[in-house]
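The structure appears below as structure tokens.
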Amino acid sequence: MVRYSQEADNATKSTKARGADLRIHFKNTRETAFAIRKLPLTKAKRYLEDVLAHKQAIPFRRFCRGVGRTAQAKNRHSNGQGRWPAKSAKFILDLLKNAESNAEVKGLMEESIPTCLLHATLSSFYLKRKRLSRKSLQQKRRYHKRTTLSQIIALSNILI
125 MVRYSQEADN
135 ATKSTKARGA
145 DLRIHFKNTR
155 ETAFAIRKLP
165 LTKAKRYLED
175 VLAHKQAIPF
185 RRFCRGVGRT
195 AQAKNRHSNG
205 QGRWPAKSAK
215 FILDLLKNAE
225 SNAEVKGLME
235 ESIPTCLLHA
245 TLSSFYLKRK
255 RLSRKSLQQK
265 RRYHKRTTLS
275 QIIALSNILI
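The opening position of the sequence shown corresponds to residue 125 in this note's numbering, with each subsequent residue numbered one higher.
Right, here's the structure in full:
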């Protein structure tokens with residue numbers, strides 16, 4: 125059984141999606157996840173598709189050092205700093221599609237009842253320690269492979 129960082133109050137009216145060992149940047153993915161939090165599922169998907177098409181920007185609030193300013197980020201109640209992290213948006217869009225299909229299996233996706241994103245979180249950790257050997261230099265170099273764990277919990281609007 126997979127452990128989530130937060131459990132929904134009503135498990136019958138909520139759905140979950142989880143991505144593990146994702147090779148994406150943690151800081152970009154954190155800002156992307158916080159941009160779509162508490163949005164309806166259809167609006168979140170449309171927003172991420174617009175990010176991939178460079179029609180809307182992801183506002184960077186916490187990890188914003190060295191991030192340029194754009195007028196698209198000002199529209200999202202930010203200080204104007206924003207980017208279009210394509211890889212992070214693509215992975216989170218896949219997680220949203222997974223959560224939507226899980227909701228369809230449970231019977232939560234009706235036309236009149238939109239599903240809202242309750243919780244989106246992620247954590248970063250080192251997965252493995254790999255070892256590279258260089259024959260020409262006769263030395264061993266080690267590096268860590270950094271991965272990201274992402275979790276999304278969606279809630280049906282029946283309870284709200």
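Positions of the beta carbon are idealized from the N, C-alpha and C atoms, including for glycine.
Burial state of residue i, where buried means 16 or more other Cβ atoms lie within 10 Å
i    : result
T272 : buried
E155 : buried
N134 : exposed
T166 : exposed
R207 : buried
First and last residue of the uninterrupted alpha helix (DSSP H) at residue i
i    : result
K198 : A195 to K198
A227 : A210 to K230
K162 : Unbroken run through K162: none, as it is neither H nor E.
Residue from the options with nearest C-alpha to residue i
i    : options                   : result
T194 : G231, A278 and G204       : G204
C188 : A227, D218 and F150       : F150
S212 : R147, A223, S247 and T166 : R147
T139 : G192, N199, H201 and K230 : K230
L241 : L163, T153, A159 and D145 : L163
L220 : K169, S247, F158 and K179 : K169
Where the beta strand (DSSP E) through residue i begins and ends
i    : result
L146 : S138 to L146
Residue i versus residue j: straight-line alpha-carbon distance, rounded
i    : j    : result
G143 : S225 : 15 Å
R136 : G190 : Residue identity check: residue 136 is Thr in the sequence provided, not Arg. Spanning the two alpha carbons is a distance of roughly 44 Å.
D174 : R200 : 13 Å
E228 : Y171 : 21 Å
K198 : P183 : 8 Å
A141 : A278 : 8 Å
Q180 : Q196 : 6 Å
I276 : D218 : 11 Å
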